Structure formats: structure tokens, C-alpha cells
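Respectively, the protein sequence lines represent chains D and E.
Taking my numbering, I'd label the letters of the first sequence as residues 1247 to 1460.
Taking my numbering, I'd label the letters of the second sequence as residues 1247 to 1460.
Glycine included, C-beta positions come from ideal geometry on N, C-alpha and C.
Computed from a predicted model, the values in this text were never measured in an experiment.
Here's the structure we're looking at; comments come further down.
2 protein chains.
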Amino acid sequence: MSSGRSIVRAKTGPDKRRVILDAAVRVFARQGFHACRVSDIADEAGVAYGLVYHYFASKDEVLDTLFLERWNVMLELIREVDSQPLPVRQKFEAIASFIVDSYSHDPDLMKVIIVEVTRAANSFGQTHLGQIREAYELIGEIVTKAQEEGVFKAEIEARFAAMAFYGTIEQLLTGWIFGLRPQGKEHFERAKWLVVETVCGGLETSVVGETSVS
Amino acid sequence: MSSGRSIVRAKTGPDKRRVILDAAVRVFARQGFHACRVSDIADEAGVAYGLVYHYFASKDEVLDTLFLERWNVMLELIREVDSQPLPVRQKFEAIASFIVDSYSHDPDLMKVIIVEVTRAANSFGQTHLGQIREAYELIGEIVTKAQEEGVFKAEIEARFAAMAFYGTIEQLLTGWIFGLRPQGKEHFERAKWLVVETVCGGLETSVVGETSVS
DNA sequence: GTGGACATTGACTGACCAGTCAATCTATCT
DNA sequence: AGATAGATTGACTGGTCAGTCAATGTCCAC
Chain D
1247 MSSGRSIVRA
1257 KTGPDKRRVI
1267 LDAAVRVFAR
1277 QGFHACRVSD
1287 IADEAGVAYG
1297 LVYHYFASKD
1307 EVLDTLFLER
1317 WNVMLELIRE
1327 VDSQPLPVRQ
1337 KFEAIASFIV
1347 DSYSHDPDLM
1357 KVIIVEVTRA
1367 ANSFGQTHLG
1377 QIREAYELIG
1387 EIVTKAQEEG
1397 VFKAEIEARF
1407 AAMAFYGTIE
1417 QLLTGWIFGL
1427 RPQGKEHFER
1437 AKWLVVETVC
1447 GGLETSVVGE
1457 TSVS
Chain E
1247 MSSGRSIVRA
1257 KTGPDKRRVI
1267 LDAAVRVFAR
1277 QGFHACRVSD
1287 IADEAGVAYG
1297 LVYHYFASKD
1307 EVLDTLFLER
1317 WNVMLELIRE
1327 VDSQPLPVRQ
1337 KFEAIASFIV
1347 DSYSHDPDLM
1357 KVIIVEVTRA
1367 ANSFGQTHLG
1377 QIREAYELIG
1387 EIVTKAQEEG
1397 VFKAEIEARF
1407 AAMAFYGTIE
1417 QLLTGWIFGL
1427 RPQGKEHFER
1437 AKWLVVETVC
1447 GGLETSVVGE
1457 TSVS
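In C-alpha cells:
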């Protein structure tokens, strides 16, 4: 019974903590956080029940970890975009792209973050309201700058604008998550443009005069 | 002092079913659907535990009832608005007004509907995805008509436009619910205008010669 | 003033599951 | 080999609650 698995263990062996987190994403996405048992996570990860509690203090902490890992990457992205001297449309597009790409790269993870944390602001969101607010504020700053440049209307408060932008994206992901909107590479790419065009340019045909049916 | 109480049961004093529903709204809003116990609802309503199960088959059914009661009123409102020959902006404003007024009239109920059903599409939303989709589609029709009239851009799909509109409103309510946005009569009124202006007119100052699709 | 239908009561049960813990395994160092 | 520390195991415990049900109350019809 030779098993070569013990040699490399320390170096490369699967980091069980990571294995548990990845398994949790799949289980949360499939069954929902509340509906799944910790034993489901352990089974999915192929480890013993107790090991989950060796690495995490509670079931909640597993979800917290998943959310924060990803959300912080997004906050950093937004900060970086904000700091660069680009036109608003490009900044918005960079943010929308990041989020849409995150979804297309790992739908399960984004589903968990959106459904179980972001959109569940009563339970977990409450805990992470600070993180969520941070995103709003960073986007708000981008808007403020655009207003100062005269590119964005001054009569729509930056906070509100940020909300509309973020709300549109969240609704878009929600539509994908629940099968209300078509998915696939082209749809993802088009969605990025649609978000920016809708929020920046509005739904109306840009007629200077009035609305006249030609 | 006419004996109003004994003639017909239906007329008499508080209909316990209603009392339970109203109590449930307060309890769900305060503690959240998952975190509260059925006994909390009974206590809040001032009735025995078992009575809840006399009127409702399950805890879920209580929430379902609350959601459907209100959501159907909204669907009807949208249908009526849609059927009238008004400019899109006025249609959108009527819908936004209805929802904002619903919130200002009974924040607890709207909180429950948004947080526990609409935004919790994994658990309950799944059940009510049809109702939610219906709202999308009705709004989508309004957009389609506006496109046919040439008032709305044709290159933004009606479905997507409906999503952006609804998403912005939902995000707005969510902001109020979690204290991220200021409330009060003036804010509510202004919000109605902001939603319509943002979605229809966009965030940009109207510049001619942006993206031109020939 | 009796019977029956429905309203109301609340103690109880059965299932479920997060989190604990003592035992066991594995790797590494001396 | 023996010692130490961390990783891993899974049976078990304690508490929670949704839902049941048999008993009791109330009202109306006749």
C-alpha cells in the first residue's frame, strides 16, 4: 500500500482550508446558505465534519471569508480606476467589466455573494453594510468628479447616481443568477456596454428639441 | 351604541386573520423571516400559537400572503398605467410614485417584501419568480411602446431597460431600508423625480454627437 | 337549549443541526 | 525512538422550533 501522497503534502498538498472554501461556494450556490448543513460542506470538500471548525469559527465565518475575499478585490479595483485620469464612461466600463467578468469566471461565487450577502442585507449584509457602503462611496466619488468636469448633471446627487449604477449591475447579475436573462460570452460583453450606455446616456433618444415622432 | 359586534362575524371586531398578518409584518420587519419564531408572531398578534396554523398552513404561507397581496396591487397598477396613452416619463413616474408611496405609507411591509422575498430570490423569490418576472415584462412593454414612438433608444433592449428601471427603484428602497439614504416626505418626492430623470435622461449632460449609430 | 360548525388554546413531539471534544493520525525535530 | 505540535476524525450533545392535536370556547340555527 504505497501512497506517494505524503511526500509533497507540506509543500503542495491541497490546502484544506482552501478546499473547504471552494466546496462551500458550490454548496452555498446549490442549496443556499441557510438551507445547507455544515456537514454538506464537509462532504463536498471530502473532509471530516470537525475540520471545518478547525479552520473556521462558525458556518457564518465561512461565508464572511468568501465575501470579504472577493469584495475587497473589487474595492481595490474601484479605487485604482478612480485614481486614474480617465473619462467617466471608461471608469464605469472598467467597473462593470470587472463585475461581469467575475461572474462569467465564477458564477457560483458571485451568486453566493449577491444572493447570500449583498441582497440579504438583513442578515449578513447588516454585518457587511460597511463594505457595501464603501463601494457606493467610491463610485460616488467618481460621479462627483464627472460632475465637476461638467460631464455629469449636477442636479442628480452623486450618491443617487452611484446607487443607480450599482443597482443596475446588481439587477443584471440577479437576472443571470435566476435565469431571467440570457447568458454567454456575447451577452456578457454586450451587458457591459448596455449598463454604461443606459446609466450615462439614459433611455431616451438624445433629441435636443422635443420628442417628435418623425 | 348599536350592536355592531354580533350581527355578522365578518363585520365584528378584529378579523384575527388580519391581525395575524399585520403582526407578522412587524415581526418579520423587526427580526427577519428566518430569525423569528411562529410564537413571536402569535405573541405580537395577541393570539394563541395554534391560531396561526388555523389560518395559515405554514410560516411560509404567511409571508407568501403578505407578498402576493401587495405585489398584485402593484401589477394591476402597472397594467392600468400601461393601458393609458401617456408619455413614458409619466408612466414611469406613476410606477415610481406608487412604489415610493407604498414605502412611505407602510415601510415595514415594503421592507418585508423587498428583503424577504424580492431580494431573497433564492428561497422565496424562487416561488414568486413568476410574479416578479411579470412586473418586468409589463414594464418592458411600456418601454417597447416608447421605442416604437421613437422616444426611447431602440438599441437598448426593452427587457434590459425594464431591469435598469426596476433595479434602480429596488436599490433606492434598499437604501432607505438599511439607513443608507435619507428619508422623509421631501426625500420621497424628490426620489420619484430622480429615478425617472436618471433612467430616462441619463447621468450625462445632454451633449449631441456621442455615440451615433447610423 | 341543543347540536353543530367553526374559532381558539397551548402543551407536546419529532426532527434537525450547529458546534464540541477526546481520540487518532501525520510530520518533523532531536 | 520519543516527543511535540498541528491536522484530522466523527460521535455526541444541547438547544431550537415548526407543526400537530385534543381539549375547550363561542356563536348561530332551529
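For D/S1369, the closest of E/A1269, E/D1261, E/A1275, E/I1266 by C-alpha to C-alpha distance is E/A1275. According to DSSP, residue pairing for E/F1398 in a beta bridge involves D/E1450. For the C-beta of E/C1282, not a single chain D residue is nearer than 8 Å; the gap to the nearest is close to 11 Å.
Two segments are said to touch when three or more pairs of C-beta atoms, one from each, lie closer than 8 Å; by this definition the region 1379-1396 of chain D touches the region 1313-1323 of chain D. Contact of D/F1406 with chain E is assigned, a C-beta pair being separated by under 8 Å. Interface flag for D/A1366 against chain E is set, since a Cβ pair is found closer than 8 Å.
For the 8 Å CB-CB criterion, E/D1354 and E/R1272 form a contact.
Judged by DSSP in its simplified three-state form, E/A1437 adopts helix. DSSP, read as helix, strand or coil, puts E/A1288 in helix. For the C-beta of D/A1410, the chain E residues within less than 9 Å are, from N- to C-terminus, A1410, G1413, T1414, Q1417, L1418, L1440, V1441, T1444, V1445, L1449. Going by DSSP, D/F1424 is part of no alpha helix (DSSP H) at all; its letter is neither H nor E.
Chain E has a Cβ within less than 8 Å of the Cβ of D/R1379. Residues are counted here when their Cβ sits less than 8 Å from a Cβ of chain E; for the region 1285-1318 of chain D the count is zero.
Under the three-state reduction of DSSP output, E/D1354 falls in the helix class. Within the same chain, and ignoring the five residues on either side of D/G1421 in sequence, the residues whose Cβ sits closer than 7 Å to its Cβ are R1427. Collapsing the DSSP output to three states places E/V1293 in coil.
Residue nearest to E/K1431 within the set E/S1348, E/I1287, E/L1332, E/H1300 is E/S1348 (criterion: CA-CA distance). Residue burial annotation: E/Y1295 is exposed, with fewer than 16 other C-beta atoms found within 10 angstroms of its C-beta.
In chain E, no part has a C-beta under 9 Å from the C-beta of D/K1337; the shortest such distance is about 12 Å. The Cβ of E/V1273 sits no closer than 8 Å to any Cβ of chain D.
Put simply, the backbone Cα of E/F1302 is about 23 Å away from that of D/H1280. In terms of beta-carbon proximity, D/I1345 stays away from the interface with chain E, with every pair separated by 8 Å or more. At least 8 Å separates the CB of E/V1327 from every CB of chain D.
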